[in-house]
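Residue numbers (our numbering): 798 to 857. Just so you know, even glycine gets a beta-carbon here, dropped at the ideal spot from N, CA and C. Report on the structure given below.
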Amino acid sequence: MEELLENEAFCVGVAVGLDLYQRKIIAAHGKGKPLLINGELYYLQSGKERLEMAIDKICK
798 MEELLENEAF
808 CVGVAVGLDL
818 YQRKIIAAHG
828 KGKPLLINGE
838 LYYLQSGKER
848 LEMAIDKICK
């Protein structure tokens with residue numbers, strides 16, 4: 798029973814952590830700002846933007 802409770806607590810912790818990161822990503826996207834995680838900058842791109850970059854890279 799104790800192991801089951803530990804597993805449940807772990808799963809709840811993971812779900813809460815994922816929710817926090819999801820909120821952080823959505824907030825950054827809404828403000829049009831980069832996402833900063835552990836000092837690393839991440840930018841969100843649409844599929845169209847990513848495709849344009851790939852085509853530009855191939856055509857160079």
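- Apart from sequence neighbours up to five positions away, the residues of its chain that approach ILE822 with a beta-carbon distance below 8 Å are LEU832, LEU841, ordered along the chain.
- Scanning the region 819-855 from its first residue to its last, the whole beta strand (DSSP E) runs of 3-plus residues come out as 832-834, 837-839.
- Short of 8 Å from the beta carbon of LEU838, and not among the five residues preceding or following it, lie these beta carbons of its own chain, in chain order: PRO831, LEU832.
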